[in-house]
Every structure is written in C-alpha cells, then in structure tokens.
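Heads up: the sequence shown is residues 4 to 337, going by our numbering.
Every residue gets a Cβ at the ideal spot worked out from N, C-alpha and C, and that includes glycine.
If you're wondering where the values come from, they're calculated on a predicted model, not measured in any experiment.
Below: the structure, in structure tokens.
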Amino acid sequence: MIPARRLGLLLLVAAPGCAGPRNYLGATGGPIAGKLAGFGWVVLGVALAVVVAVTGLLVAAIARHRHEPEAGGEPRRRGRGLGWIHWGGMIIPTVILVLLFFQSLGLLEQLAAAPRARVTIRLTSHRWWWDATYLAQDGRTLIPTANVLHIPAGEPVRLELETADVIHSFWIPALAGKTDLVPGQHNATWIQADTPGTYGGQCGEYCGQQHANMMLTVIAEPRAEYERWLAAEAAPAVEPAGGAAAEGAAVFAGRACAGCHTIRGTMARGRVGPDLTHLARRPTLAAGLLANSPANLATWIAAPQAVKPGAQMPHVPLPADELQALLAYLQSLQ
C-alpha cells in the first residue's frame, strides 16, 4: 500500500503532464473554449463525485462485515439492499445523465450561433498538412497560405472546412472544440481569440501514419498588425536580383519543386503541396514538426521521408551547391 504522503508526491509530479496546448480544461483563449471547459469541469466533477460515493460505500460495506465468520449456503439478505441497487444503480445515474444531456444540448446551441465575422478562411486538410485560403466577402480568394493562421484578436473568424483526402478533425483546444472534415462534405465553425497570442492546434481524428505530426498554429494579433500581415502576404514574391538566391530560383523552377508548389509572381503553379510564396515568414516547417531555421529547412528538403515518413513530399537528390542555392532562395521569401 502506498503511503498517502508518497501518493501525494507522485500526483504532484504527474500534474504538470496535464498542462500544454492540448489541455482544453486549462487556460482558454476564447468564448467557445471557455464554455467547453466549463462543461468539461462539470462532467469531471460529477464523475469524481460518483467515484468517491461508490468507493465510500464499498469501503463502508467491507468494514461493516469484515469480522463476520464465513457461513455456508445462501447469503443472508440484510436491510433494503435492493433499494440501493434501484436508486444508486438506476435512478440517480439516469437523472445525472439526463441533466448532462440537456446541458450539452444547450451548449451546442450556443456554439452553433456563430456571430457575423469579417474574416473568413477556407481550411482544407491534406495528409498531413493544412491548406488555408483567406476569402473576401464575395468569396474571392485573397491569399493562400499553409499551416499557420493569422487572425485579428477579439473578433470572430469563420472557418469553412473541407478535406482533400481522408477524414481529419480541426481542433484548437484553447480556442474551439473539434469539427470533423469529411470527404464530400463542407463543414463550418468559428473561432475567436480574446487576447493576442499563439495557440497550438492538432488534427483530432486519426488519419494515418503522420496524424500526430499534423499540427496547426493560430497567431492572434491586434487588428492593425493583422492588416499589415495580410497586405504583406498578398504581395507576390520578390524576384532575387542575383547571387545565390537567383541561382536557387532557377533550381526551384528546373527541379520537381515547381511541379508541386506555388510561388506567386513566378511560373511555379503547383498545387500538390503548400504555397511557398512567403515561406520564410512562417514559424515552422512540415506542418509544425520543425522550427523554420536554415538547418531544419535543409534537412527537410534533403531527407523529407526521414523527417516525416509517409509524407507526400518525395526525396529529390540535389548536389550540395544546388541545395545551398535553393536554401538561399527559399530564405529570401519574406
């Protein structure tokens, strides 16, 4: 039997493991997540109360009859045992479940009532990355980007969700609950970050080998900063004037890169992989798996299957000089 003091220390050590960007019961950053966390705490509290009550009754029954000698034949019937079964096993659990059910219905109705949004983003899931397209009020495409969403803080943002392959699930624990992306089906949800900050997300539905590495980042910023980011992101890539970056642009166009990726302002119009027009401005690579640094970018280009096995990006052998030139070009895409 573990002493209470040691058990307390073990729980204290284990508690930090519950923290992190996937903890929807912890710090929330928006109204949707706040309501979901509140309901989650209610369910957790009810479950804990049930466990304590059942454990207490079990311990009391054991303590009450622990000194009785064994007797053969049928066990004796004591008191109103069936009443405990009827009330504790059927009536009370049914009442609790019905109350939680109607509370969840009310919560779903509140979450479905999306406020009018000035920002609309079409988010398309792929194995294993996110394609994001910012839309104008009339549905025209403003800018395409990937794996990182910038949103204005304090404002609702509408998300139109669809998938290009299998079932995925959009999930930003600190901002919103899960919404599935199902083949042939168009879903919609909304998010809002009350304060500026960076919020981590994750595909919430198992979708294959790299499911755990299909991450999404939401960056909430003041409206003025968001407008500046939007204007910069809408601009085409700046053509390098010369040097290694210009050589890298030629490598990009001449190799397989341009067949899969788009760089606006160039002849590269591939739609298989993410838009790379402003790749150097993004904080991560490979859908959040790597920080966006020159060393990580070189590793990702040279050995994508070693970094993310099963990813759609193939291995394209490049001589060292071409790889360095390509790195110089991609790092210039601010």
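Around the beta carbon of Met-93, fewer than 16 other beta carbons sit within 10 angstroms, so the residue counts as exposed. For Val-310, same chain residues with a beta-carbon under 8 Å away, outside a window of 5 residues either side, are Ala-289, Leu-292, Leu-293, Thr-302 and Trp-303 in chain order. Take the alpha-carbon of Val-241 and the one of Ile-124: they are about 25 Å apart. In this structure, the alpha-carbon of Val-185 lies about 7 Å from that of Glu-165.
Within the stretch 155-230, the complete beta strand (DSSP E) segments of 3 residues or longer fall at 160-166, 171-175, 179-184, 190-194, 200-205 and 218-224, listed in chain order. Shown here, Ser-107 sits in a helix according to DSSP, grouped into three states.
Look at Pro-96 here: in three-state DSSP terms it is helix. Residue nearest to Arg-267 within the set Ala-235, Ala-298, Gly-246 and Ala-247 is Ala-235 (criterion: CA-CA distance).
Beyond the five residues adjoining it in sequence on each side, Gly-251 comes within less than 6 Å, by CB distance, of Ala-328, Leu-329, Ala-331 and Tyr-332 in the same chain, given in chain order.
Measuring C-alpha to C-alpha distances from Ala-237 to each of Ser-107, Leu-138, Gly-29 and Ala-177 identifies Leu-138 as the nearest.
Annotated as proximal: Ile-35 and Gly-180, with beta-carbon spacing under 9 Å.
Under the DSSP assignment, Val-57 falls in the alpha helix (DSSP H) whose first and last residues are 34-68. Taking a cut-off of 8 Å for Cβ pairs, the stretch 316-325 and the stretch 214-224 do not touch, as fewer than three such pairs fall below it.
Classified as buried, Met-217 has 16 or more neighbouring CB atoms from the shown chains inside 10 Å of its CB.
Sequence-distant Cβ neighbours of Thr-136 in its own chain, meaning closer than 6 Å and more than five residues away, are Arg-125, Thr-144 and Pro-147.
Ranked by Cα distance from Leu-178, the options Thr-198, Leu-60 and Ser-335 are led by Thr-198. Measuring C-alpha to C-alpha distances from Ile-175 to each of Met-316, Ala-40 and Pro-320 identifies Ala-40 as the nearest. For Pro-307, there is no enclosing beta strand (DSSP E); the residue is found in the alpha helix (DSSP H) stretching over 307-310. Sequence-distant Cβ neighbours of Val-49 in its own chain, meaning closer than 8 Å and more than five residues away, are Ile-99 and Leu-103. Taking each of Ser-335, Ala-66 and Ala-63 in turn and checking the Cα distance to Gly-245, the smallest one comes out for Ser-335. Within the same chain, Cβ atoms closer than 6 Å to the Cβ of Val-254 are found at Glu-325, Ala-328 and Leu-329, the five residues on either side in sequence being excluded.
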